[in-house]
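S.K.:
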Amino acid sequence: MNAIPTQPPGKSAGSLSRRNFLTGIAAAGLAAGCAHSPDTDTQPILDTHTHFYDPTRPGGVPWPPAGDSLLHRPVLPAEFESLARPLGISGTVIVEASPLESDNDWVLDLLPRHRFLRGMIGHLKPGQPGFADHLQRLRRNPAFRGIRTGGWDGPLDAARPGFLDDCGRLADAGLVLEVLIGTDQLAQVNTIAARFPKLRIVIDHCANLRIDGKAPPAAWLAGMEACANHPNVHCKFSGLVEGSGRSDGSAPSDPAFYAPVLDALWLRYGPRRLIFGSNWPVSARFAPLDRIVGIARSYFAVRGPAAARQCLRTNAERVYHVSSPT
Numbered sequence: 000m001n002a003i004p005t006q007p008p009g010k011s012a013g014s015l016s017r018r019n020f021l022t023g024i025a026a027a028g029l030a031a032g033c034a035h036s037p038d039t040d041t042q043p044i045l046d047t048h049t050h051f052y053d054p055t056r057p058g059g060v061p062w063p064p065a066g067d068s069l070l071h072r073p074v075l076p077a078e079f080e081s082l083a084r085p086l087g088i089s090g091t092v093i094v095e096a097s098p099l100e101s102d103n104d105w106v107l108d109l110l111p112r113h114r115f116l117r118g119m120i121g122h123l124k125p126g127q128p129g130f131a132d133h134l135q136r137l138r139r140n141p142a143f144r145g146i147r148t149g150g151w152d153g154p155l156d157a158a159r160p161g162f163l164d165d166c167g168r169l170a171d172a173g174l175v176l177e178v179l180i181g182t183d184q185l186a187q188v189n190t191i192a193a194r195f196p197k198l199r200i201v202i203d204h205c206a207n208l209r210i211d212g213k214a215p216p217a218a219w220l221a222g223m224e225a226c227a228n229h230p231n232v233h234c235k236f237s238g239l240v241e242g243s244g245r246s247d248g249s250a251p252s253d254p255a256f257y258a259p260v261l262d263a264l265w266l267r268y269g270p271r272r273l274i275f276g277s278n279w280p281v282s283a284r285f286a287p288l289d290r291i292v293g294i295a296r297s298y299f300a301v302r303g304p305a306a307a308r309q310c311l312r313t314n315a316e317r318v319y320h321v322s323s324p325t
């Protein structure tokens, strides 16, 4: 994953202190009569960010590393479904976490065996030889919904020969481009979005922002503002507990801790371009799944059932062209 940026804090017109957040809950409830309604608390969620792999396969896996006692083990759909269904998660989109192109096929082979799995974002590198052929082959599988790049691929580089051509191939195919980036790469997203207005782009993990309960950095706010000016750019409010840096499992459960970041995203992207993702099992190092779901449900309860439904499920269905079974 990219390093988390550590710019000094700035100010956000959309951010709330803990006191203001709690006041906002009361005000929203009085005005709309819907804060923490049963509908908001129980409606189904489509999780758009999970990883599955099996280190016991012949040849093992390139990620997670063998020394990682939490993650380096078989992580398979049945385990996640047993945790997720009681929390109201009705399906998931997998994000392939292996840098090996051939591992896309291993994940795609899981989908017909698990109705809970709704689609896959694969791993291909725009601008690399063979991209067009790999994309053409993978897109024949209807579960293949796009690719993620960034992270171990290195930074986005719209000037790299072939990079934009391959982004255009994704746009023409009606597929999604997810990006694993930091604040310094938001300008690249802006460039790609402007060049391909029909390409659905999803920024993962709030651009790997360090979250400390305070107003987000000015550079992050400006970068998110620029990206949000393009209607084809969406943001996953995944990576929240990871952003706390508390890898001992003690990431805060109080939504007010994350509110300055979520408020800034809400102000810029609104109810139609925010998408939920858990980042399980990586997130388990920072907080259990029920805490992550609780943060999301509690925050969007303030916005009302309609907004909660969009941000927790229907935006994902629309962006990834999938359905979430009951």
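With numbering that gives the first Met the number 0 applied, the sequence shown has no gaps in its numbers, which climb one by one up to 325 at the end.
Cβ atoms here follow ideal geometry from the backbone N, Cα and C, with glycine treated the same way.
1) Can you give me the start and stop residues for the beta strand (DSSP E) that ASP46 sits inside?
2) So ARG272 and ILE44 are in contact, right, with Cβ under 8 Å, and what is the actual spacing, rounded?
3) How many angstroms separate the CA atom of ALA218 from the CA atom of GLY181?
4) Per DSSP, what are the beta-bridge partners of LEU294 in this structure?
5) Counting only the same chain and skipping the five closest in sequence on each side, list residues whose C-beta sits under 6 Å from that of PRO54.
6) Does DSSP put THR182 in a helix, a strand or coil?
7) Give me the Cα-Cα distance between LEU137 and PHE143, rounded to the nearest whole angstrom.
8) Shortest alpha-carbon distance to ASP156 belongs to which of ASN189, ASP171, PHE115?
9) Quickly, what does DSSP pair PHE236 with across the bridge? List them, please.
10) Would you report the Cα separation of GLY242 and ASP211, rounded to the nearest angstrom?
11) Quick check: the Cα distance between ASP171 and LEU134, rounded to an integer number of angstroms?
12) Under three-state DSSP, which class holds ALA315?
13) How is the alpha helix (DSSP H) around ARG199 delimited, first residue to last?
M.R.: Considering the structure as presented:
1) 44 to 49
2) In fact, because the Cβ distance is near 17 Å, the residues do not count as touching under 8 Å.
3) 11 Å
4) Checking the sequence, you will find Ile at residue 294 rather than Leu. Answer by DSSP bridge pairing: none, since ILE294 is not bridged.
5) VAL60, HIS71
6) helix
7) 7 Å
8) ASN189
9) None; PHE236 has no bridge partner.
10) 8 Å
11) 12 Å
12) helix
13) Where ARG199 is concerned, there is no enclosing alpha helix (DSSP H), although the beta strand (DSSP E) it sits in stretches over 199 to 202.
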